[in-house]
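S.K.: full-length UniProt numbering puts the first residue of the sequence shown at 1, with every later residue one more than the last.
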Amino acid sequence: MFSNIFETIHRFLRLKVEDFEFLLSLVGPKIAKMDTNMREAITPKERLLNHCVSRHSITKIVKETCACIKEVLHSYVKVMNPMKLPSTQEEWLAVSKRFEERWKFPHAIGAIDGKHVHIVAPRDSGSEYFNYKNFFSIVLMVVVDADYNFMYADAGGKGGISDGGIFKNTRLYQRLENKRMNIPPPEPLQIPYQTEVPYFMLGDKAFAFTEYCIRPYGGNHGPDTAERIFNKKHSTARMPVENSLGILCNRFRVLKGPIHLQPDYAKEVIITTVYLHNFLRSLPTLLNLHSTGFKTEQLCKEIGEAKAPSQVYNLFH
């Protein structure tokens, strides 16, 4: 453990101390344990920092603390539990408006993507969790709004299944297929056009092209073709989901794996980081580099593996 706990908080959690203390004030009462005659209880701060305790204690702490964090942060985040996507047409239209304002892409109501999270090989799982990247994983499936907030998150899909296949096993897919999401009906993009265009999510080539999800054109296209122009704008509008996942993994290094937990426990850890991401985005702090109105250089420094600042700048302008 670092001699300076503030350095620990900053280095490993990338949090301001006051933000950590605020989170602790929310979670602490729920994870506090009473001292006994046999031993001193592990304090809430130790549980939240999760250091210098035995492996047995850590296993129990991970499960309990993740559950408490999700419970107390539920009112701070948009992540579904089990479903916290927009529920009215007006709310969907507000999401679409932000995509058009910020990313110049009309009728988009979210950007969807999957992330393989490296885990140790589960017991007796064979190749079910072994993915095309040649490691064992479970998949985090997310939908992100125009401002880098996770609107939906589902984890636990086996890495051996494609993103599109995992998506088909989610409640979100079933509700979209059954038209139970209250998405606004198709409308013309603008006057004087008459063609009615549906509202949709932005997926990559792993997702099927449907009324509620569009993907880029496949194949090679000339520089001035409509397909090439569309694909570039589509790619730009998907930056919130790609960069949000990059930010998530670089802030919470546990997601870089391998996570030494069985899939059910690993799932809880992964979903908890999504809750924390949205919570941290709600905090007006200098360390919260991915807040609305971010600088592209700061964003790229934070996520490391995403596009270079000049590339991001060109896509924004």
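Just so you know, even glycine gets a beta-carbon here, dropped at the ideal spot from N, CA and C.
In the DSSP output, which residue or residues are listed as bridge partners for C213?
M.R.: M201
S.K.: Per the DSSP calculation, M239 is bridged to which residue(s)?
M.R.: Beta-bridge pairing links M239 to no other residue.
S.K.: Are the Cβ atoms of F150 and F207 separated by less than 8 Å?
M.R.: Result no, Cβ atoms of F150 and F207 do not sit closer than 8 Å.
S.K.: Compare the beta carbon distance of A111 and L172 with 8 Å and say whether it is the shorter of the two.
M.R.: no
S.K.: Which stretch, first to last residue, makes up the beta strand (DSSP E) that contains S137?
M.R.: For S137, the uninterrupted beta strand (DSSP E) segment begins and ends at S137 to V144.
S.K.: I need the DSSP call for P188, collapsed to helix, strand or coil.
M.R.: Under the three-state reduction of DSSP output, P188 falls in the strand class.
S.K.: Looking at the structure shown, is I112 part of a helix, part of a strand, or coil, going by DSSP?
M.R.: Taken through DSSP and simplified to helix, strand or coil, I112 comes out as strand.
S.K.: From the DSSP output, read off the bridge partner residues of F150.
M.R.: V144
S.K.: Using 8 Å for Cβ pairs, my map puts F200 next to Y212. What's the rounded Cβ distance?
M.R.: That belief holds up - the Cβ atoms of F200 and Y212 are roughly 5 Å apart, short of 8 Å.
S.K.: Among all the DSSP beta bridges, which residues are the ones paired with E196?
M.R.: P188
S.K.: Exposed or buried, N178, counting other C-beta atoms within 10 Å across all chains shown (16 or more means buried)?
M.R.: Counting the other Cβ atoms within 10 Å of the Cβ of N178 gives fewer than 16, which makes it exposed.
S.K.: Quick check on T225: buried or exposed, where buried means 16 or more other Cβ atoms within 10 Å of its Cβ?
M.R.: T225 comes out exposed.
S.K.: Using only the alpha-carbon positions, how far apart do E18 and V27 sit?
M.R.: 14 Å
S.K.: Find out if the Cβ-Cβ distance for the pair M141, G114 is shorter than 8 Å.
M.R.: yes
S.K.: Looking at the secondary structure, which residues open and close the alpha helix (DSSP H) in which P263 lies?
M.R.: P263 to R281
S.K.: Taking DSSP as the reference, what is the three-state secondary structure of H10?
M.R.: Helix, per DSSP.
S.K.: How long is the line joining the alpha carbons of K233 and E242, rounded to whole angstroms?
M.R.: Distance between the alpha carbons of K233 and E242 is about 14 Å.
S.K.: Does the separation of the CB atoms of I270 and V117 fall below 8 Å?
M.R.: yes
S.K.: Would you kindly report the start and end of the unbroken alpha helix (DSSP H) that includes G126?
M.R.: Note, G126: premise wrong, no alpha helix (DSSP H); not H, not E.
S.K.: Could you have a look at H234 and say whether DSSP puts it in helix, strand or coil?
M.R.: helix
S.K.: For a quick check, are the C-beta atoms of F136 and I109 less than 8 Å apart?
M.R.: Taking 8 Å as the Cβ cut-off, F136 and I109 do not qualify as a contacting pair.
S.K.: Determine the DSSP secondary structure at A121, reduced to helix, strand or coil.
M.R.: coil
S.K.: Out of H10, A121 and V139, which has the shortest C-alpha to C-alpha gap to A153?
M.R.: Comparing alpha carbon positions, the residue from H10, A121 and V139 closest to A153 is V139.
S.K.: For I229, which residues in the same chain have their Cβ closer than 7 Å to its Cβ, ignoring the five residues on either side in sequence?
M.R.: none
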